[in-house]
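Each remark here refers to the structure printed beneath this line.
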Amino acid sequence: MANPLNFNVEISSENQFITEFKNGTSLYLKREDLLHPEVSGNKFRKLKYNIFEAEKQGKDTLLTFGGAYSNHIAATAAAGKLAGLKTIGVIRGKELGENLGETLKQNATLNFAHSCGMQFYFVSRGDYRKKANLEFRQHLSEKFGDFYLVPEGGTNAFAIKGCEEILSAKDKEFNYIAASVGTGGTLSGLIRASSENQKILGFPALKGDFLSEEIKKNDVKDNWELILNYHFGGYARVDSQLISFINKFREKYQIQLDPVYTGKLVFGIFDLVKTGYFPSGSKILAIHTGGLQGIMGMNSFLKKKNLPLINY
Ligand SMILES: *Cc1c(COP(=O)(O)O)cnc(C)c1O
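Last residue of the sequence shown: number 312 in the UniProt record's numbering, and the count goes up by one each step with no gaps.
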């Protein structure tokens, strides 16, 4: 089958050496952020088999959900355009739809998705919470007709299958595989693709201990652990320490991290090394899952709050 994203079916990204710490532990970054300029990182992995499936089912439209700065919304819009599928984004925040021109001026994520042809449906926070309800689904069907539904954050069985392809045979040499966790779909794919003697570490980007249960539902092995103390207060919350870490990391290694996911992950790894978590000589592979498009949105927030900005 022709790959609708113009990629070979199996594509693997480079592991870039970052540093060796004092106890001989070394850190590499898997540059999934470089997979595709618009459908970056794990969102490419998560969408690939969903797009195959949508085409198999003869659908011409993808419908999905997200917040106004969502990487998943941006990636779905771009992937749909590349695959020749229409896209509909159900976006949290009814007020954003009141003056779309103004919203697009102020929001780089939605502006990008719009430029890819995504049609928006802005809903109140209350309605957004109901998005999994049958009644709301029926409402969407009446409004938009037939579509292929991709869940919020893009996680389902097809997404997990795609994320298994992040790891390749050459990655067996690593003792630890580390990745940021939003819904847990990416981590589930990594766990499934790992060897029993590797340990998979998930760093949730949000508060709450429900994620372990979510990941267990995905029929995974038990060679994994969630590291719960690097969420910086919750989803999309940041502080000046995190921003300073991201900026220093960029200066030192010429690699951009994002403030919502990968910045927290790499900060957490550096901090765990200090606490002696990793036995000496460990080899760690951290997954750079992309997400850089969200930086502009974060910077406009930081600017309003008079906080230091992310160099980008
Ligand atoms: C969406 C996203 C994640 C989280 O992936 P899940 O599969 O939902 O856990 C991690 N990193 C980046 C950059 C993302 O955009």
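Ideal Cβ positions, reconstructed from N, Cα and C, are used throughout, including at glycine.
Task: Same chain, Cβ closer than 7 Å to Ser124, neighbours up to 5 away in sequence not counted - done: Here residue 124 refers to the residue found at position 124 when the sequence shown is read from its first residue. Within the same chain, Ser124 has close Cβ partners Lys94.
Open item on the list: Going by C-alpha to C-alpha distance, which of Gln106, Phe52 and Leu140 sits closest to Leu83?
Closed with: Mapped onto the sequence shown, residue 83 falls at position 83. Per the sequence shown, residue 83 should be read as Ala rather than Leu. Measuring from the Cα of Ala83, the nearest candidate turns out to be Phe52.
Task: Buried or exposed (CB count within 10 angstroms, at least 16 for buried), Ala193 - done: Mapped onto the sequence shown, residue 193 falls at position 193. Looking at its Cβ environment, which holds 16 or more other Cβ atoms inside 10 Å, Ala193 is buried.
- [ ] With a threshold of 16 other CB atoms inside 10 Å of the CB of Asp258, please say whether the residue is buried or exposed.
- [x] Along the sequence shown, read from residue 1 onward, the residue named residue 258 stands at position 258. Asp258 comes out buried.
Task: Among Asn71, Ile191, Gly66 and Lys252, nearest to Gly41 - alpha-carbon criterion - done: By one-based count along the sequence shown, residue 41 stands at place 41. Taking only the C-alpha atoms, the option nearest Gly41 is Asn71.
Open item on the list: Would the region 175-189 count as touching the region 241-252 if we require 3 or more Cβ pairs under 8 Å?
Closed with: no
Open item on the list: Does the region 55-74 come into contact with the region 18-30, if we say contact requires no fewer than three beta-carbon pairs (one atom in each stretch) closer than 8 Å?
Closed with: no
TODO: Give every residue of the same chain whose Cβ lies closer than 6 Å to the Cβ of Trp224, excluding the five residues on either side of it in the sequence, and list them in chain order.
DONE: Here residue 224 is taken as the residue at index 224 of the sequence shown, counted from 1. Same-chain partners within the cutoff: Ile191 and Ile200.
Task: Which listed residue (Leu265, Val260, Ser195 and Leu63) has its alpha carbon closest to that of Leu226 - done: Numbered from its first residue, the sequence shown carries residue 226 at position 226. When each option's Cα is compared against that of Leu226, the closest is Leu265.
TODO: Measure the C-alpha to C-alpha separation of Glu214 and Lys305 and round it to an integer number of angstroms.
DONE: For this step, residue 214 is matched to residue 214 along the sequence shown. For this step, residue 305 is matched to residue 305 along the sequence shown. Spanning the two alpha carbons is a distance of roughly 34 Å.
- [ ] Work out the CA separation of Ala113 and Glu102 for me, nearest whole Å.
- [x] To locate residue 102, count along the sequence shown from 1; it is residue 102. To locate residue 113, count along the sequence shown from 1; it is residue 113. The straight-line gap from Cα to Cα measures roughly 15 Å.
Task: For Phe17, the residue or residues it bridges with in DSSP - done: Taking the sequence shown and counting its residues from 1, the one referred to as residue 17 is at position 17. Per DSSP, Tyr28.
Task: Cβ-based neighbour list, Met1, same chain, cut-off 6 Å, excluding 5 preceding and 5 following - done: For the purposes of this step, residue 1 is identified with residue 1 of the sequence shown, where counting begins at 1. At Met1, the pLDDT of 37 sits below 50, so the modelled position is not reliable and the matter cannot be decided from this model.
Task: N- and C-terminal bounds of the alpha helix (DSSP H) containing Gln106 - done: By one-based count along the sequence shown, residue 106 stands at place 106. Looking at the DSSP string, the run of the alpha helix (DSSP H) that includes Gln106 is Leu100 to Gln106.
Task: Euclidean distance between Cα positions of Lys81 and Ile287 - done: Working through the sequence shown from its first residue, we reach residue 81 at position 81. Working through the sequence shown from its first residue, we reach residue 287 at position 287. Roughly 26 Å between the two C-alpha positions.
Open item on the list: What does the alpha-carbon distance come out to for the pair Ile246 and Asn133?
Closed with: Position 246 of the sequence shown holds residue 246. Position 133 of the sequence shown holds residue 133. Cα-Cα distance, rounded: 39 Å.
Open item on the list: Do Ala178 and Ile269 have their beta-carbon atoms positioned less than 8 Å apart in this structure?
Closed with: Taking the first residue of the sequence shown as position 1, residue 269 is located at position 269. Taking the first residue of the sequence shown as position 1, residue 178 is located at position 178. A contact, by the Cβ cut-off of 8 Å.
- [ ] Could you have a look at Ile200 and say whether DSSP puts it in helix, strand or coil?
- [x] Here residue 200 refers to the residue found at position 200 when the sequence shown is read from its first residue. Ile200 falls in the strand class under three-state DSSP.
Task: 8 Å contact criterion, which Ser26 and Lys221 should meet: CB distance rounded - done: Your numbering for residue 26 matches position 26 in the sequence shown. Your numbering for residue 221 matches position 221 in the sequence shown. Wrong, their Cβ atoms sit about 25 Å apart, outside the cutoff.
TODO: Just the C-alpha distance for Asp171 and Gly145, rounded to the nearest angstrom, thanks.
DONE: Here residue 171 refers to the residue found at position 171 of the sequence shown. Here residue 145 refers to the residue found at position 145 of the sequence shown. Taking the straight line from one Cα to the other gives about 44 Å.
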